[in-house]
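Start counting the sequence shown at 142; every next residue gets the next number (our numbering). Report on the structure given below.
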Amino acid sequence: MTHPTDPTTAPGQDESTVPGRRDFLGMVTTAGTVTGLAACAIPFVESLKPQDSAAAHQPVEVDLSKLAPGQQMTTVWQGKPVFILRRTPEELARLQNAALNETLRDAQSEALQQPPYARNWHRSVVPEYGVYVGICTHLGCVPAYMPPTPAPDQTGFYACPCHGSHFDLAGRVLKGAPAPYNLPVPPYVMPTPTTLRLGENPKGETFDFSTIEQI
């Protein structure tokens, strides 16, 4: 709709086609989009913050009963995202492939990025479940889980969206990636076959997560 008293709008010309108004509307739209994205991001960021220092150091119990083979779930421990991946027999077999190990920077998990009880080829307490702090060891972005392709010689991996670091399904970083270390493995125990407790070591084991090389 035009306004007879508006000198910037010619008769019959829509307001949105006037250069000045079009630029203003573009700015409003952009501002609205940015505001919307920020509104979506804030709850996620807030969800990663512990409510208080005492709660931050309490164990977190996770129910695995509904996690199917080949699926991953994400929980939060000490304000950090933790990936829990239920690996299939095929994926576990691929993790032991000698050709894959040749592509890894730290295939034997020599760097202190996991508890001693998780320094094995599957980097976990139970081979079926992989448990990693989901923070890239380069600059702290959150990697994305990429499931395996149908090809028999292909395996799933984690891909960092920021600078391209790749990790295998044991959280081990591939050679040539900017990330210097494997994904950290937090202390945890499995009191039952379908229950995982983050922040607690198995009986007789001691491991302080603050001693890892890098996160």
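No residue lacks a Cβ here, since even glycine has one placed at the ideal position from N, Cα and C. Here the structure is a predicted model, which means the values were calculated and not measured.
Close beta carbons around Leu324, own chain, < 6 Å, minus the five adjacent residues each side: To locate residue 324, count along the sequence shown from 1; it is residue 183. Here the set comprises Tyr273, Phe308, Gly312.
DSSP beta-bridge partners of Phe262: Here residue 262 refers to the residue found at position 121 of the sequence shown. In the sequence as presented, Phe is not what sits at residue 262; that position holds Trp. DSSP, once it has assigned bridges, lists no residue as partnering Trp262.
Euclidean distance between Cα positions of Ala209 and Pro222: As a working mapping, residue 209 is identified with position 68 in the sequence shown. As a working mapping, residue 222 is identified with position 81 in the sequence shown. Looking at the two C-alpha atoms, the distance is approximately 20 Å.
Within 7 Å, strictly: CB atoms of Thr278 and Ala320: For the purposes of this step, residue 278 is identified with residue 137 of the sequence shown, where counting begins at 1. For the purposes of this step, residue 320 is identified with residue 179 of the sequence shown, where counting begins at 1. Their beta carbons are under 7 Å apart, which means Thr278 touches Ala320 by this criterion.
Segment contact flag, the stretch 325 to 336 with the stretch 257 to 274, C-beta cutoff 8 Å, min 3 pairs: yes
Three-state secondary structure assigned by DSSP to Phe224: Here residue 224 corresponds to residue number 83 of the sequence shown, with the count starting at 1. The answer is strand: DSSP assigns Phe224 an E or B state.
Helix, strand or coil at Pro257 according to DSSP, with G and I counted as helix: Within the sequence shown, numbered from 1, the residue matching residue 257 stands at position 116. Helix.
Delimiting residues of the alpha helix (DSSP H) encompassing Ala239: The residue given as residue 239 occupies position 98 in the sequence shown. Ala239 -> alpha helix (DSSP H) spans 239 to 242.
Cα-Cα separation, Leu339 to Asp204: Mapped onto the sequence shown, residue 339 falls at position 198. Mapped onto the sequence shown, residue 204 falls at position 63. Answer to the nearest angstrom: the Cα atoms are 11 Å apart.
Sheet register partners of Phe348 (DSSP bridge): Working through the sequence shown from its first residue, we reach residue 348 at position 207. Per DSSP, none; premise fails for Phe348.
DSSP-derived helix/strand/coil call for Arg338: Here residue 338 refers to the residue found at position 197 when the sequence shown is read from its first residue. The answer is strand: DSSP assigns Arg338 an E or B state.
Minimum C-alpha distance to Lys316 - residue among Glu202, Val201, Val266, Leu245: The sequence position of residue 316 within the sequence shown is 175, counting from 1. When only C-alpha atoms are compared, the closest one is Leu245.
Beta-carbon proximity list for Ile183, same chain, < 7 Å, skipping 5 on both sides: Position 42 of the sequence shown, counted from the first residue, corresponds to residue 183. At Ile183, the pLDDT of 35 sits below 50, so the modelled position is not reliable and the matter cannot be decided from this model.
Spatially closest choice to Ile353 from Ala259, Gly297, Ser206, Val266, by CA coordinates: In the sequence shown, counting from the first residue as 1, residue 353 sits at position 212. The shortest C-alpha separation from Ile353 is found at Ala259.
Rounded C-alpha distance that separates Leu310 from Thr336: On the sequence shown, position 169 is the one that residue 310 refers to. On the sequence shown, position 195 is the one that residue 336 refers to. The alpha-carbon atoms of Leu310 and Thr336 are separated by roughly 20 Å.
Straight-line gap, Ser188 to Trp218 (C-alpha atoms, nearest Å): Residue mapping note: residue 188 aligns to position 47 of the sequence shown, counting from 1. Residue mapping note: residue 218 aligns to position 77 of the sequence shown, counting from 1. Model confidence at Ser188 stands at a pLDDT of 43, short of 50, so the residue's coordinates are unreliable; what they give is reported in the following sentence. Approximately 11 Å, taken between the alpha carbons.
Reduced DSSP secondary structure (H/G/I, E/B, other) of Glu202: For the purposes of this step, residue 202 is taken as the residue at position 61 of the sequence shown. DSSP places Glu202 in strand when its eight states are reduced to three.
7 Å Cβ cutoff met for Ala252 and Tyr322: In the sequence shown, the residue the question calls residue 252 occupies position 111. In the sequence shown, the residue the question calls residue 322 occupies position 181. Going by C-beta atoms, Ala252 is nearer than 7 Å to Tyr322.
Thr333 versus Gly281: straight-line alpha-carbon distance, rounded: Taking the first residue of the sequence shown as 1, we reach residue 333 at position 192. Taking the first residue of the sequence shown as 1, we reach residue 281 at position 140. Approximately 32 Å between the Cα atoms of the pair.
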